[in-house]
Amino acid sequence: SYLMETPLQKSSGNTSPLEKKPVSSSSFSKKSVTTKISPITPFGPFGSGGTVVGFSKYDGVRAAFEENFARRLELGAQLVIYEKGEKVVDLYGFAPEEPEYDGETLQFVASSGKN
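In the working numbering, the protein residues as written are -15 to 99.
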């Protein structure tokens, strides 16, 4: 797979955030963090940056989620991941064009159960 280096990734060193190891369970916090995302491309199919709210045990998961907003690829998105019955990722984000979108917004999902 191909991963382009972006300003979001450069700030965390030479390694891609998608390759970072998970935070240990003992230091993992489920405290919600809000991040404002500025666009890194002049044009894109959807929003113009956005806001990401929530927590992630894995830095790379949050970085990839935020990058979708930075690349103008999202208007609103949610991601929840359970690992061994424990919620380890709970994120939602919205572009300025969709300020009413939040973690409780219902949304159509297709082809999400493939393996």
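Note that beta-carbon positions come from the ideal geometry of N, C-alpha and C, so glycine has one too. Bear in mind that the values here come from a model prediction, so they are computed numbers and not experimental data.
Where does the unbroken beta strand (DSSP E) through residue i begin, and where does it stop?
i, result
"PHE30", "It is not in any beta strand (DSSP E) - PHE30 carries neither H nor E in the DSSP assignment."
"VAL17", "17 to 21"
Would you check whether the ligand NAP has a heavy atom nearer than 7 Å to the C-beta of residue i?
i, result
"VAL73", "In the structure shown, the ligand NAP is absent, as is every other ligand, since no ligand is present at all."
Cutting at 6 Å between CB atoms, please list the residues of its own chain near residue i, excluding the five before and the five after it.
i, result
"SER8", "Any reading at SER8 is ruled out, since the residue's pLDDT is 49, under 50, leaving its predicted position unreliable."
"ILE65", "VAL72 and VAL73"
Which residues mark the beginning and the end of the alpha helix (DSSP H) in which residue i is found?
i, result
"GLY44", "43 to 54"
Just grab the DSSP bridge partners of residue i for me.
i, result
"GLN62", "TYR76"
"PHE39", "ASP74"
"GLU84", "For GLU84, which the question treats as bridged, DSSP gives no partner whatsoever."
Among residues of its own chain, excluding the 5 on either side of residue i, which ones have a beta-carbon nearer than 8 Å to its beta-carbon?
i, result
"GLY33", "LYS20, ILE21, SER22, PRO23, PHE53, ALA54, ARG56, ALA79 and PRO80"
"LYS15", "PHE39"
"THR89", "GLY60, GLN62 and TYR76"
Excluding the 5 residues flanking residue i on each side, which residues of the same chain have their C-beta closer than 7 Å to its C-beta?
i, result
"GLY28", "ARG55, ARG56 and LEU57"
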